[in-house]
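Chains as they are written, first to last, in this note's numbering: chain A, 1 to 469; chain B, 1001 to 1469; chain C, 2001 to 2469. Notes follow the structure.
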Amino acid sequence: MLWPLSPDRCFSSDPARRTLARALYEQVNTLPLVCPHGHVPPQLLADPVARFGSPTELFILPDHYILRMLASQGVSLAHMGIAPRDGGWHETDHRAIWQRFAEHIHLFRATPTGLWLATVLVELFGVTERLTAASAQRIYDQIAARLAEPDFTPRALFRRFQIELLATTDAATDPLDHHRRLRADGFPQVRPTFRPDALLALADPGWRETVSRLSSLAGIDVVDYRTFIMAIEQRRAAFKALGALATDHGVETPYTERLSPVEAETIFTRALRGAATASDAARFTAHMLIEFARMSCEDGLVMQLHAGSLRNHHAALLARFGPDKGADIPLATEWTRNLRPLLNAYGDDPRFRLILFTLDESTYSRELAPLAGYYSAVLLGPPWWFFDSVQGMRRYFDLVIETAGFANTAGFNDDTRAFCSIPARHDVWQRVSCDWLAGHVVEGLLTEDDAVELAGELAVGLARRAYRL
Amino acid sequence: MLWPLSPDRCFSSDPARRTLARALYEQVNTLPLVCPHGHVPPQLLADPVARFGSPTELFILPDHYILRMLASQGVSLAHMGIAPRDGGWHETDHRAIWQRFAEHIHLFRATPTGLWLATVLVELFGVTERLTAASAQRIYDQIAARLAEPDFTPRALFRRFQIELLATTDAATDPLDHHRRLRADGFPQVRPTFRPDALLALADPGWRETVSRLSSLAGIDVVDYRTFIMAIEQRRAAFKALGALATDHGVETPYTERLSPVEAETIFTRALRGAATASDAARFTAHMLIEFARMSCEDGLVMQLHAGSLRNHHAALLARFGPDKGADIPLATEWTRNLRPLLNAYGDDPRFRLILFTLDESTYSRELAPLAGYYSAVLLGPPWWFFDSVQGMRRYFDLVIETAGFANTAGFNDDTRAFCSIPARHDVWQRVSCDWLAGHVVEGLLTEDDAVELAGELAVGLARRAYRL
Amino acid sequence: MLWPLSPDRCFSSDPARRTLARALYEQVNTLPLVCPHGHVPPQLLADPVARFGSPTELFILPDHYILRMLASQGVSLAHMGIAPRDGGWHETDHRAIWQRFAEHIHLFRATPTGLWLATVLVELFGVTERLTAASAQRIYDQIAARLAEPDFTPRALFRRFQIELLATTDAATDPLDHHRRLRADGFPQVRPTFRPDALLALADPGWRETVSRLSSLAGIDVVDYRTFIMAIEQRRAAFKALGALATDHGVETPYTERLSPVEAETIFTRALRGAATASDAARFTAHMLIEFARMSCEDGLVMQLHAGSLRNHHAALLARFGPDKGADIPLATEWTRNLRPLLNAYGDDPRFRLILFTLDESTYSRELAPLAGYYSAVLLGPPWWFFDSVQGMRRYFDLVIETAGFANTAGFNDDTRAFCSIPARHDVWQRVSCDWLAGHVVEGLLTEDDAVELAGELAVGLARRAYRL
């Protein structure tokens, strides 16, 4: 059976709207890709002989969307090729894993994963028949053959994708060797992003080890709060020297609170003694978010804040297979009160920029659009994670634009570790945004010339400005 | 005036979408009805000579949607025929009550109650003129005449409706005589559902009386926590022997917490002494939800959890007229943290199935679809109560499917005590789901063959699998 | 470039739906305007020689929507002509301010501010070219010329707008001189609204001064809780004598709690001593809301409750420029538990009417429609503030009507201090509501004759009944 990938997918069926949506889309889908936030491993591009591995390694093993959906239907991670930490059995036959995935492909109907997969297989790998249990091995062969071709290396695809910017996400204690090599090899478009979350996990068993790595990388012996701050600032400078545009912060709640110098020192000293509590860690994180805002004012790195994911909801899964396997569940999130101390300190500082990401859609219109539509430092990031989807984007535009306008949003970012899916993800965003603009034109709420301009803004302009490219 | 019940109601006006929606709908609306959760009184079908009573008894007196809407416009329950507990006056003239309802029929424009009523009157009772103050008595006569016919008995309609399964909801201490008779009389499709809520209301004045009934029905003298659990397990077995597929649990909040054996025993003993507090009852309920999950693993009964209704918001109404009169108001509900202890214990047990129902639509995309899309035991129930409506279903599909997929939902259930409205409620679900699928086809997000298959899944397949039929 | 203000703006592009929407709209847009809640300064109409001032004074200086959007892009309030409290510099050249606004007009694409502005400039001021940086001064001239004409005085426009009722919002301690003059001058359609918020701010430094003003206006020496209540009742009577139909209450949270007489007296006495705490003020407010409900039962004033705005989120802005400059941010709001004490006391009192306004759209379907659809006293107000917009109205109808019906809503109110924009705001409401009704007709969910009647109800009927006109 032929793969029925509609050239008009994501467009309204109203003829007037669809015609305009298509015209807008055709104008923007040849633009370069701007990818200011994501999780592509830098070694993939840093190593000139890196390859994607098997189709299973490319499409399944690293994809938490796929792993979670199969888990939800009782297919264990071990059967999908994920190695238990205790060395127990797991499927190692990549063709068998691929077959199992194909047998469950119906689970992904009307989901973004299904849409991305279809787009990548058809448009990048030239697959023409639909993925089913029957066609699975033929398609596996076809992908594998393509992956062996010289123009399917990561670097070759990077060029083919016309990527203007690709930001990775890197621990504050990452030595950044890959990024150093990328710059040396002529890939300055690949940039690191400073992610210091592990440094704030004061009550975690591995925290002191992380601080030691920080000391040694920064060349500053972290013995108290003051040297901790100095070492962080040194690392930010090192990231910036390798092209970093931004920092990234992941928190369960966006609670911010300024500690007094004595409190900060006391908590930090307690942590160094290994005696920090969960409450210490929470208050210290709340304080450090304000400190990171201060540093952003000073060094110009854009601050990204991703809040509201309860990571590793399933304790047994974490113990057996580790993190990032699809068991992160969103939480109701409060932004108005929580961010107030930070925003009162730096929200109208012209040097500061803060991009907010939520997993609680009820906050789009209630808190985030109003905040972004008032504080000059605040932009609202695109729909994140589960909401990086056709309906998720439509809700986002409907709930955000009337209050925040377009100019207080940060365009799109794909937030993916699946390098090959980057064009497919931008494609969905471009299609949905063009269709949304077209809808406004046919309803007399936007002029056609504004829609043309805004289609380009949503595709690349807003992202470039948000990250100060 | 003729009743303008459109054959294309609930379908989009877009011609391409409507044509496809209609085709999908025609394919599924001849399927049998699967009704795995509802509140039809079993005696209605157990008693071979049972009748529906007057039109007012059939349509108005038991319908909390109607009572609440009339109350909201100042029509007292007593005027609508509800007897006060103190024996005070209430309208007993059923024609007068019906007339009063007809005079307020405009209140139900664009509501699901209005849609169900129109469907039942036109399609079941053959009414052709619209219900108004002027036509009220003529229509009353017409309904009354029909109800007197031999093919309008409950059992006759049960057969005509092609009901494959009808689950009732029954207190854990119900003797199940009606269900015993139903099985004896050849109605194995009618099955009980085990609802133990009253057993958890430790601080209620009637609790010890309920426990006594439990003791006597189970034949186990409940003297401590251990015998309480044994007696519950015995009752579950008795329900199962009469065909039960599921249990049902109604809670204000889905808070779960494992008590230590000592704590459980201490609280239970305090309750037996009549000294349990509200906090005891809340923690004991939180613990028992985990215990019920364990029992479900062992006996295979599907666990249904309905959370987030603040029952009897209006204290004076409760005192005067009793519960279930339309004064239950939803609450914001937290699922991610609250269910974690239960799901960490049993969420990936292949023997376990947990179906969740919410009155807080903001949790669809934020918490419930992510939980159902990860834990193998969890399914998301259909839109409940106020959201069992055209717009409510559209929001449900838009907010749930992209993250949870279809396979992690439980299809439809009508949740009604109004037996005659069962086909009308399924009809709305079928129409809205077919229209939603058709919309995805015309937007290139689903293939037509997938839509055909999914229409059948949504109509009956998912419900059958969810309840292990 | 001509201003492309579509005559079919806000209507669906579906031809059948649009045709019907337009027909419904044409029927209602000639009706008088009913404006039962707003913030037009009464002196504007009380003073027969009042003028609107410059185009900048008319459109920009008092408009917090505009100020916040420009602030969000780094344009300071001082540059937009707002005087700092410390007497610091601010732009005083109104043409320069207008020019700056025009240079940022792109920020308002697809926002309600943009839509209102276009409507007012084109339909009221006869502007034909689009507002841009290039056309700004020409359009300024054109507006200024119009404003100098005799038929552009506030009173002339009041008549031209066909305003049947215009309620202002006035502090409880306002002497109401303007309203006295309005009645004397033949403008009984302009009515005051009693707003006692400042009297409940027990912990504010200015509270005792406010109480003094209350004493002197009421002619009752407020020395304890009892005389405080008496003085409030006296002021309500004075407002009512000048035509007031309603009271208005703005609170961060709709928490209600009945204090014992001793508690109320104790807290009030502490406040008179200047020793009230924030918690005192919160509990006293919770108590007084119930007291205001009681007074409404007795004097028939409709009670309006606006909850959920965290005022003056930005402390530095408040210190520098004062309140109402666009820095008010919504909060998640709980209604079900919070309103229960008040509604249990007065929710079914036939003399009582309570209109609720929210900034938390997740409460529409979860709490507010169920409450309005049960308690006879409760109506749900129209979409407020950020949600007084095309998409905001569509969500409101979709989320509210199925549960509350139309009859439990309060129609529209424009809630504006921008007098000239009143027709534009009603126009958006009429267009969106007619389009929504038309959508229901073409989907077979409403008959055309019902849609005709409901269009009129939504335009004026519901508002008239809600405020007992």
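Just so you know, even glycine gets a beta-carbon here, dropped at the ideal spot from N, CA and C.
- Against chain A, the beta carbon of B/Ser1362 has neighbours under 8 Å at Ala332, Asp360, Glu361, Ser362, listed in chain order.
- By the beta-carbon neighbour count (other beta carbons within 10 angstroms, threshold 16), A/Ser279 is exposed.
- Beyond the five residues adjoining it in sequence on each side, A/Leu147 comes within less than 6 Å, by CB distance, of Phe52 in the same chain, given in chain order.
- B/Ser1362 and C/Ser2309 do not touch by the CB rule: their CB atoms are close to 19 Å apart, not below 8 Å.
- Linking A/Gln430 to A/Asp398 through their CA atoms gives a straight-line distance of about 16 Å.
- Taking 8 Å as the threshold, the shortest C-beta distance from A/Phe187 to chain B does not fall below it.
- Using beta-carbon distances, B/Phe1406 counts as an interface residue toward chain A, with a partner under 8 Å.
- Assignment of B/Phe1268 by DSSP, reduced to helix, strand and coil, places it in the helix class.
- Under the 8 Å criterion on CB atoms, C/Pro2112 is classed as interfacial with respect to chain A.
- Within 7 Å of the CB of A/His440, the CB atoms of chain C belong to Ala2110, in sequence order along the chain.
- The segment 2184 to 2198 of chain C and the segment 2233 to 2251 of chain C touch, with three or more beta-carbon pairs separated by less than 8 Å.
- Contact between A/Pro341 and A/Arg283 fails: their C-beta atoms lie close to 12 Å from each other, not under 8 Å.
- Taking C-beta separations shorter than 6 Å and ignoring five residues to either side along the sequence, the partners of A/His39 in its chain run Thr169, Arg417, following chain order.
- Contact residues of the segment 1365 to 1381 of chain B toward chain C are absent (C-beta to C-beta distance below 7 Å).
- At a cut-off of 8 Å, the C-beta of A/Leu342 has no neighbouring C-beta in chain C.
- Per DSSP, A/Gln430 is one residue of the alpha helix (DSSP H) stretching across 422 to 442.
- According to the DSSP secondary-structure assignment, A/Gln73 is paired through a beta bridge with no residue.
- Distance check between A/Leu354 and each of A/Trp384, A/Asp324, A/Ile290 places A/Ile290 closest, using alpha-carbon atoms only.
- With fewer than 16 other Cβ atoms from the protein chains shown falling within 10 Å of its own Cβ, B/Glu1298 counts as exposed.
- Three or more beta-carbon pairs separated by less than 8 Å link the segment 2374 to 2390 of chain C to the segment 2405 to 2421 of chain C, which places the two stretches in contact.
- With contacts defined as CB atoms closer than 8 Å, C/Leu2107 and C/Val2442 fail to qualify as a contacting pair.
- Taking 8 Å as the cut-off, the beta carbon of B/Ala1231 is found closer than this to the beta carbon of B/Ala1218.
- By a beta-carbon distance limit of 8 Å, C/Thr2409 does not contact C/Gly2373. Their separation comes to about 10 Å.
- DSSP places A/Phe386 within a helical segment (H, G or I) once states are collapsed to three.
- Per DSSP, A/Glu257 lies in no beta strand (DSSP E) segment and is marked neither H nor E.
- Counting C-beta atoms within 10 angstroms of its own C-beta, A/Pro150 has fewer than 16 neighbours from the protein chains shown and is therefore classed as exposed.
- Closest in C-alpha terms to C/Glu2026, from the list C/Ala2459, C/Leu2469, C/Tyr2467, C/Ile2066, comes C/Ala2459.
- Exclusion of the five residues before and after B/Thr1210 leaves Thr1173, Ala1198, Leu1199 as the residues of its chain whose Cβ lies within less than 7 Å of its Cβ.
- For a Cβ distance threshold of 9 Å, residue set Arg1109, Ala1110, Thr1111, Gln1391 of chain B lies close to C/Ile2401, ordered along the chain.
- Look at the segment 292 to 316 of chain A: the residues with a C-beta under 8 Å from a C-beta of chain B are Leu310, His313, His314, Ala315, Ala316.
- Counting only Cβ-Cβ distances below 7 Å, A/Thr447 has contacts in chain C at Pro2004, in chain order.
- Taken in chain order, the complete beta strand (DSSP E) segments of 3 or more residues contained in the segment 2297 to 2321 of chain C are 2302 to 2307.
- Not a single C-beta of chain A is nearer than 8 Å to the C-beta of C/Arg2017.
- For C/Phe2357, the enclosing beta strand (DSSP E) starts and ends at 2354 to 2358.
- When Cβ-Cβ separations below 8 Å define contact, A/Asp14 makes contact with chain C.
- For B/Pro1330, the secondary structure class from DSSP, reduced to helix, strand or coil, is strand.
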